[in-house]
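K.L.:
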Amino acid sequence: MEIKGKNVSIGQNVIIYPGTIIEDNVIIQDGAIIGKQPKMIASSTLTLHERGPAIIGEGSLIGTNAIIYAGTNIGKETIVSDAAIVREGCVLHERVRVGKHAIVEFDVVLHKGVRIQAGALIGEHTIIGENTFIGPHVSMALDKYMMRLPCNILDKITIGSNSAIGENSSILPGIAIGDNIIIGAGSVISKPINSPGIYVGNPLRKVRNLKGSELR
Ligand SMILES: CC(C)(COP(=O)(O)OP(=O)(O)OC[C@H]1O[C@@H](n2cnc3c(N)ncnc32)[C@H](O)[C@@H]1OP(=O)(O)O)[C@@H](O)C(=O)NCCC(=O)NCCS
């Protein structure tokens, strides 16, 4: 039996798995699924283990047909938009936004105020710092050699605070991007970037330093 806070609104055809914790003033829209356990078939190369309950924090909104897996903690006033998927073991801190059709893979940490735009793919174990913006259809890879060699899941991607990744950019496995870094649309990030500034293209090049209010 799920634990419901006060003033919780639950739409039609919603599935909430046992143990799920739903705090006050949460809105869960039609067709959402909360607390789904990860499952693989016996021959899969990936071993997944059972997770604890999902927690939906106070004042959050889970959109139509969104799926929140077990063991994921959705922070206060966070929005997971229509048809977005947040896999198991993720921590979304307060006021995070996950856009429509975005996919957040397992064990990801999104700090306060992170915005993930529509259709983005956030790779397993990625950590994203406060107020960072991930543009539409940005993609983050984890498996560098695409199943030809063993995948090192420790090759996680990290992105600092107050950075912004332009739409349709690709971030390759194990890359660390620092604070206050802006990446232009359609870029390929194959090397770590530490120094604040605007970078574009493939190969990536620095265009300029940040000025005035661009630097946060
Ligand atoms: C990166 C960006 C912020 C740069 O803006 P800017 O500082 O005003 O830069 P400019 O437009 O003056 O361009 C500077 C140079 O970079 C090039 N450039 C700019 N953006 C580029 C991009 N995405 N890819 C490749 N080159 C780019 C320009 O052609 C120009 O080249 P030049 O010096 O050879 O003439 C912007 O172009 C961009 O890509 N923004 C991302 C938008 C986005 O994804 N929004 C999501 C909203 S939901």
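Just add 910 to the spot in the sequence shown (first one is 1) and you have the numbering used here.
A virtual CB, placed ideally from N, CA and C, is assigned to each residue, including glycine.
1. If distances are taken between C-alpha atoms only, which option among Gln947, Ala1095, Thr955, Ser970 comes closest to isoleucine 932?
2. Decide if arginine 997 is buried, meaning its Cβ has at least 16 other Cβ atoms within 10 Å, or exposed.
3. With a threshold of 6 angstroms on Cβ separation, who are the neighbours of arginine 1025 within its own chain once the five nearest residues in sequence on each side are excluded?
4. Do asparagine 1119 and serine 1128 come within 8 angstroms of each other at the CB atom, strictly closer than that value?
5. Would DSSP call methionine 911 helix, strand or coil?
6. May I ask you to verify whether the segment 950-957 touches the segment 974-991, counting CB pairs closer than 8 angstroms and requiring at least 3?
7. Between the segment 1030-1044 and the segment 1012-1022, are three or more C-beta pairs nearer than 8 angstroms?
8. State yes or no: is the C-beta of aspartate 940 within less than 8 angstroms of the C-beta of glycine 967?
9. Quick one: does the C-beta of alanine 1095 sit closer than 7 angstroms to a heavy atom of ligand 2?
10. Have a look at isoleucine 938 and proline 1083 and give me their C-alpha separation to the nearest angstrom.
11. Spatial neighbours of proline 963 within its chain, please: C-beta separation below 7 angstroms, excluding the five flanking residues on both sides.
12. Would you say methionine 1050 and isoleucine 1081 are within 8 angstroms of each other, going by their C-beta atoms?
13. Measure the Cβ-Cβ separation of glycine 1039 and isoleucine 1067 and say whether it is below 8 angstroms.
14. Going by Cα to Cα distance, which pick from Asn1062, Asn1041, Met1056 is closest to isoleucine 1092?
15. Would you say arginine 1118 touches ligand 1, meaning its beta carbon is less than 7 angstroms from a heavy atom?
16. With a threshold of 7 angstroms, establish whether the CB of valine 1014 neighbours any heavy atom of ligand 1.
17. Within 10 angstroms of its Cβ, does glutamine 947 collect 16 or more other Cβ (buried), or is it exposed?
18. Within 7 angstroms: the Cβ of proline 1106 and any heavy atom of ligand 1?
19. Counting only beta-carbon separations shorter than 8 angstroms, does valine 1018 have a partner in chain D?
20. Find the nearest neighbour of serine 919 within the set Tyr927, Ile972, Arg961, judged by alpha-carbon distance.
21. Hey, would you say proline 1102 sits closer than 8 angstroms to isoleucine 1085, going by beta carbons?
22. Who are the near neighbours of histidine 1021 in its chain, counting only those whose CB is closer than 6 angstroms to its CB and skipping five residues on each side?
23. Excluding five sequence neighbours on each side, which residues of the same chain lie with their C-beta closer than 8 angstroms to the C-beta of glycine 1094?
P.N.:
Let's see:
1. Mapped onto the sequence shown, residue 932 falls at position 22. Distance check between isoleucine 932 and each of Gln947, Ala1095, Thr955, Ser970 places Ser970 closest, using alpha-carbon atoms only.
2. Here the question's residue 997 lines up with position 87 in the sequence shown. Answer is buried; the Cβ neighbour count reaches 16.
3. Counted from its first residue, the sequence shown places residue 1025 at position 115. Excluding its 5 nearest sequence neighbours in each direction, arginine 1025 has C-beta neighbours in its own chain below 6 angstroms: Arg1007, Phe1043, listed in chain order.
4. Lying outside 911 to 1126, the shown extent of the chain, residue 1128 is not represented and no answer is given.
5. In the sequence shown, residue 911 corresponds to position 1, counting from 1. Caution applies to methionine 911, whose pLDDT of 48 falls short of 50 and renders its modelled position unreliable; the model cannot decide the point.
6. Counting Cβ pairs under 8 angstroms, fewer than three are found: no touch.
7. Yes: the two stretches touch, three or more of their Cβ pairs being nearer than 8 angstroms.
8. Numbered from its first residue, the sequence shown carries residue 940 at position 30. Numbered from its first residue, the sequence shown carries residue 967 at position 57. Not a contact, by the Cβ cut-off of 8 angstroms.
9. As far as ligands go, the structure on display features ligand 1 and does not contain ligand 2.
10. Reading the sequence shown from its first residue, position 28 is the one you call residue 938. Reading the sequence shown from its first residue, position 173 is the one you call residue 1083. Isoleucine 938 and proline 1083: Cα-Cα distance of roughly 34 angstroms.
11. Start at 1 with the first residue of the sequence shown, and residue 963 comes out as number 53. Gly929, Thr930, Ile931, Gly945, Ala980, listed in sequence order.
12. Here residue 1050 corresponds to residue number 140 of the sequence shown, with the count starting at 1. Here residue 1081 corresponds to residue number 171 of the sequence shown, with the count starting at 1. Closer than 8 angstroms, so yes.
13. For the purposes of this step, residue 1039 is taken as residue 129 along the sequence shown, with counting starting at 1. For the purposes of this step, residue 1067 is taken as residue 157 along the sequence shown, with counting starting at 1. For the 8 angstroms CB-CB criterion, glycine 1039 and isoleucine 1067 do not form a contact.
14. The residue given as residue 1092 occupies position 182 in the sequence shown. Residue Asn1041 is the option with its Cα nearest to isoleucine 1092.
15. What you label residue 1118 is simply residue 208 of the sequence shown in a count that begins at 1. Arginine 1118 Cβ: within cutoff of ligand 1.
16. Looking up residue 1014 in the sequence shown gives position 104. No, ligand 1 has no heavy atom inside 7 angstroms of this Cβ.
17. For the purposes of this step, residue 947 is taken as residue 37 along the sequence shown, with counting starting at 1. Looking at its Cβ environment, which holds fewer than 16 other Cβ atoms inside 10 Å, glutamine 947 is exposed.
18. Your numbering for residue 1106 matches position 196 in the sequence shown. No.
19. In the structure shown, chain D cannot be found, because there is only a single protein chain.
20. As a first step, residue 919 is located in the sequence shown; it is residue number 9 there, counting from the start. Ranking Tyr927, Ile972, Arg961 by Cα distance to serine 919 puts Ile972 first.
21. The sequence position of residue 1102 within the sequence shown is 192, counting from 1. The sequence position of residue 1085 within the sequence shown is 175, counting from 1. It is a contact, given that the beta carbons lie within the stated cut-off.
22. In the sequence shown, the residue the question calls residue 1021 occupies position 111. Result list for histidine 1021: His1003, Gly1039, Glu1040, in chain order.
23. The count along the sequence shown starts at 1 and reaches residue 1094 at position 184. Cβ neighbours of glycine 1094 beyond the five flanking positions: Gly1076, Ser1079, Ile1108, Tyr1109, Val1110, Gly1111, Val1117.
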